[in-house]
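The structure appears below as structure tokens.
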Amino acid sequence: MRFVDEYRDGRAAHALAAELRSLVEPGRRVKLMEVCGGHTHAIYRHGLDALLPDEVELVHGPGCPVCVIPMGRVDDAISLAERPEVAFASFGDMLRVPGGRRRSLLEAKARGADVRTVYSPLDALAIAEREPEREVVFFGVGFETTAPATALTLLRARERDVRNFSVFSNHVLIGPALRAILDSPEVDIDGFVGPGHVSTVIGTRPYEFVCREYGRPVVVAGFEPNDILQAVAMLLRQLRAGRAEVENEYGRVVRAEGNPDALAALGEVFDVREDFEWRGLGAIPRSGLRLAEAFADWDAERRFPVPGARIEDPKACRCGDVLRGRAKPFECGVFGTACTPERPLGTCMVSSEGACAAYYAYGRHRRVEVPA
Amino acid sequence: MSDAVVTLADGAGGKASRKLVEGLFLEELRNPLLEPLGDAAIVGRNGTRLALTTDSYVVRPLRFPGGDIGELAVNGTVNDLAVSGAQPLALTAGFVIEEGFPLAELRGIARSMAGAALAAGVAVAAGDTKVVERGAADGLYVTTAGVGLLDLRAVLGFDRVRAGDRVLVSGGVAEHGIAVMLARGDLGLAVDVESDTAPLNGLTAALCALGTELRWMRDPTRGGLATTLNELATGAGLSVVLEEAAIPVREDVRGACELLGIDPLYVANEGKLVAVVSPEAADDALALLRGHPLGAGAALVGELREDSRPFVLARTPFGTRIVDMLVGDPLPRIC
Chain C
268 MRFVDEYRDG
278 RAAHALAAEL
288 RSLVEPGRRV
298 KLMEVCGGHT
308 HAIYRHGLDA
318 LLPDEVELVH
328 GPGCPVCVIP
338 MGRVDDAISL
348 AERPEVAFAS
358 FGDMLRVPGG
368 RRRSLLEAKA
378 RGADVRTVYS
388 PLDALAIAER
398 EPEREVVFFG
408 VGFETTAPAT
418 ALTLLRARER
428 DVRNFSVFSN
438 HVLIGPALRA
448 ILDSPEVDID
458 GFVGPGHVST
468 VIGTRPYEFV
478 CREYGRPVVV
488 AGFEPNDILQ
498 AVAMLLRQLR
508 AGRAEVENEY
518 GRVVRAEGNP
528 DALAALGEVF
538 DVREDFEWRG
548 LGAIPRSGLR
558 LAEAFADWDA
568 ERRFPVPGAR
578 IEDPKACRCG
588 DVLRGRAKPF
598 ECGVFGTACT
608 PERPLGTCMV
618 SSEGACAAYY
628 AYGRHRRVEV
638 PA
Chain X
18 MSDAVVTLAD
28 GAGGKASRKL
38 VEGLFLEELR
48 NPLLEPLGDA
58 AIVGRNGTRL
68 ALTTDSYVVR
78 PLRFPGGDIG
88 ELAVNGTVND
98 LAVSGAQPLA
108 LTAGFVIEEG
118 FPLAELRGIA
128 RSMAGAALAA
138 GVAVAAGDTK
148 VVERGAADGL
158 YVTTAGVGLL
168 DLRAVLGFDR
178 VRAGDRVLVS
188 GGVAEHGIAV
198 MLARGDLGLA
208 VDVESDTAPL
218 NGLTAALCAL
228 GTELRWMRDP
238 TRGGLATTLN
248 ELATGAGLSV
258 VLEEAAIPVR
268 EDVRGACELL
278 GIDPLYVANE
288 GKLVAVVSPE
298 AADDALALLR
308 GHPLGAGAAL
318 VGELREDSRP
328 FVLARTPFGT
338 RIVDMLVGDP
348 LPRIC
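Chains as they are written, first to last, in this note's numbering: chain C, 268 to 639; chain X, 18 to 352.
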């Protein structure tokens, strides 16, 4: 398969692995955060960690949109879905995310709520046009990656004057999340594997503050195994040379300026919230998007009463430490016991991009060795 | 939890389904015939050994590239008998039909059942119809049951599987699930993938010639190859070590899976066979499969290994990963 197989070539991977070994200083540990859940998933799906030198530790960042939604917002979503006039449209990943009392949209659906799985916000708009008697609410979730699709859908809803459609926006921004992690005490991350998909939209410039203000290098990377290995090599080279710059490994997709059309749509449709609550990370200033005044008619939070209760993260769950790269999933007391993919306690266990789910699915808590 | 309800995850063929079957149905209905929870129950009387099975079909849409619910319902039950080492003798079919269902469509489905039965060399010998009010069913549900005569040359079971045994797959995986998903048209992907729905009793009869060298067979339907191999690992108490690159996946299916972010190992098949054979018989088994039109794409994909805990592992060009059981369902209502 073109554009995939080239980046999954085993021989090239082993050559990169040899290069990585030459780039580390024996005994000096390097901690790199892969910001995006897609990277976490790729690393474990391909068994890539086995190719990294012992000195390099990869920790997982906050870049899984499902994982950062706090329980209170899930309860808000359930309360919207339970309104008799509402057809609640959501990406499949969000259906199993537990809210307070561990209830999920999937359970709400089993008890009679009209919850529909969609693959794109445009599908939700199509439902609204097909079923004018229903109030269709789309659960907008995701970083700058998915937010433009929501924005374009809202632009289209306005253009076609679809009045029975609205968005419950939980879109978030990656930059403020990185800053929150860098500002948290005891942060010991040496560099970042920057998110690929988000960067197709925002470009590479928004990461420059990480280098300038915090002295850490960032390499934006693609999602194939050799992309990730290459990005790690680029980070190690920067660290060796004492540089801290934004570099782009994913040049075949990502441009420095991003996607101007997508950015313009975001600017037109959304405003930045004063602050937004993140699962495990708490409230982060200017980190979430709400619908702009001009789109108030399509804003589910303005059109329907939403409880908006703040629910403490469960005490036993260490999602916050996992999202900050301070704990490995298996170091959490409930990992694999009270919290499993079938019955998740923390969001990191729900999405296949969540660090805990990746660890669980690919068995990294079990540390299995396979003889060659 | 006493107020718990059934969710869609309970029907997805993964961990939740198993919990429902073992924790509720087996608990209430427990008996020695049901207890092995195989694809078919084995019933013996006076030296005759029969295999008995049943399956319901709720696929949406009712027609998809490569087949329809009728063909699926015949092949599915034929295959449950076939992988138990039986040749199907006769099937029954039950229809739950929603008021307003077009007769012409119903006739088309009955006709394709007849075609599938003919191809498998089995008769639909008894049936039942029920009509329910509009809204009480999604068009049509079909339930088939089947009885088959065990091939006494082969003795199959988890307890027959040994470390060192080889795992074979009869052809490309993930075709049915992807075909049905694309047929719904929600995704706007234009890929020409057809369901692989087919009767496996010809292939299984060929393999039965291996006698006791043939250890175990299964058709990897819901939950895909990964789920079936996890059942094998747990049942046999051995790890399954796969060579990921050896697992056959058609190029366009692999492309669709990549786009959708789905692992083809978890996508359903309706005309593929997984077989475990002794290491000595592996080459013969591969030749027998490849000698059959439905097994032309057969491949040796892995082997069984002694382990402290049974896992399914896949070797990639980079390292290894664990292939766990499916949780939840990426593609609901595909069979």
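All residues carry an ideal CB built from backbone N, CA and C; glycine is no exception.
For residue i, count neighbouring C-beta atoms within 10 Å of its own C-beta (all shown protein chains included) and say buried if the count is 16 or more, exposed if not.
i             : result
residue 46/X  : exposed
residue 353/X : Since the first and last residues shown for chain X are 18 and 352, residue 353/X lies out of range.
residue 412/C : buried
residue 120/X : exposed
residue 96/X  : buried
residue 627/C : buried
residue 164/X : buried
residue 333/C : buried
residue 56/X  : buried
residue 366/C : buried
residue 51/X  : exposed
residue 554/C : buried
residue 459/C : buried
residue 65/X  : exposed
Looking only at DSSP bridge pairs, what is residue i linked to?
i             : result
residue 74/X  : 159/X
residue 437/C : 408/C
residue 327/C : 301/C
residue 62/X  : 65/X
residue 342/X : For residue 342/X, which the question treats as bridged, DSSP gives no partner whatsoever.
residue 556/C : 539/C
residue 349/C : Answer is none; residue 349/C lacks a bridge partner.
residue 357/C : 384/C
residue 184/X : 293/X and 319/X
Note the first and the last residue of the continuous alpha helix (DSSP H) segment covering residue i.
i             : result
residue 122/X : 120-137
residue 308/C : 304-312
residue 34/X  : 32-37
residue 490/C : Note, residue 490/C: premise wrong, no alpha helix (DSSP H); not H, not E.
residue 98/X  : 86-100
residue 218/X : 218-225
residue 395/C : 388-397
residue 425/C : 414-426
residue 278/C : 277-290
First and last residue of the beta strand (DSSP E) that includes residue i?
i             : result
residue 114/X : 103-115
residue 376/C : Element bounds for residue 376/C: not the beta strand (DSSP E) but the alpha helix (DSSP H), 372-377.
residue 527/C : Looking at the DSSP string, residue 527/C is not in any beta strand (DSSP E); the run it does join, the alpha helix (DSSP H), is 527-536.
residue 146/X : 140-149
residue 294/X : 291-294
residue 29/X  : It is not in any beta strand (DSSP E) - residue 29/X carries neither H nor E in the DSSP assignment.
residue 256/X : 256-260
residue 320/X : 316-322
residue 198/X : Not the beta strand (DSSP E): residue 198/X falls in the alpha helix (DSSP H), residues 192-200.
Is the CB-CB distance between residue i and residue j below 8 Å?
i             : j             : result
residue 397/C : residue 354/C : no
residue 324/C : residue 401/C : no
residue 416/C : residue 451/C : no
residue 255/X : residue 329/X : no
residue 503/C : residue 291/C : yes
residue 282/X : residue 178/X : no
residue 461/C : residue 487/C : yes
residue 499/C : residue 299/C : yes
residue 74/X  : residue 89/X  : yes
residue 610/C : residue 599/C : no
residue 506/C : residue 484/C : yes
residue 338/X : residue 331/X : yes
residue 217/X : residue 169/X : no
residue 625/C : residue 420/C : no
residue 147/X : residue 113/X : yes
residue 347/C : residue 571/C : yes
Between the stretch 294-328 of chain C and chain X, which residues of the former have CB atoms less than 8 Å from a CB of the latter, in chain order?
Residues of the stretch 294-328 of chain C with a Cβ closer than 8 Å to any Cβ of chain X, in chain order: 311, 312, 313, 314, 315, 316, 317 and 318.
Could you list the residues in the stretch 365-376 of chain C with a C-beta less than 7 Å from some C-beta on chain X, going in chain order?
Only 373 and 374 from the stretch 365-376 of chain C bring a Cβ to less than 7 Å from some Cβ of chain X.
Tell me which residues of the stretch 303-326 of chain X have at least one Cβ-Cβ distance to chain C shorter than 7 Å, keeping chain order.
Identification of residues in the stretch 303-326 of chain X having a C-beta nearer than 7 Å to some C-beta of chain C yields an empty set.
Taking a Cβ distance cut-off of 9 Å, strictly less, list which residues of the stretch 70-93 of chain X are near chain C, in chain order.
The residues in question: there are none.
Along the stretch 198-227 of chain X, where does the CB come closer than 7 Å to a CB of chain C? Name the residues.
Flagged, chain order: 203 and 204.
Using a Cβ-Cβ cut-off of less than 7 Å, list which residues of the stretch 377-392 of chain C approach chain X; keep chain order.
Going along the stretch 377-392 of chain C in chain order, one finds 377, 378, 386 and 390 with a Cβ nearer than 7 Å to chain X.
Beta carbons nearer than 7 Å to chain X: which residues of the stretch 464-495 of chain C have them?
Of all residues in the stretch 464-495 of chain C, 492 have a Cβ within less than 7 Å of some Cβ in chain X.
Output needed in chain order: residues of the stretch 439-462 of chain C with a Cβ under 7 Å from some Cβ in chain X.
Under the 7 Å Cβ criterion, the stretch 439-462 of chain C contributes no residue.
Between the stretch 149-160 of chain X and chain C, which residues of the former have a C-beta closer than 7 Å to a C-beta of the latter?
Listed by position along the chain: nothing, the set is empty.
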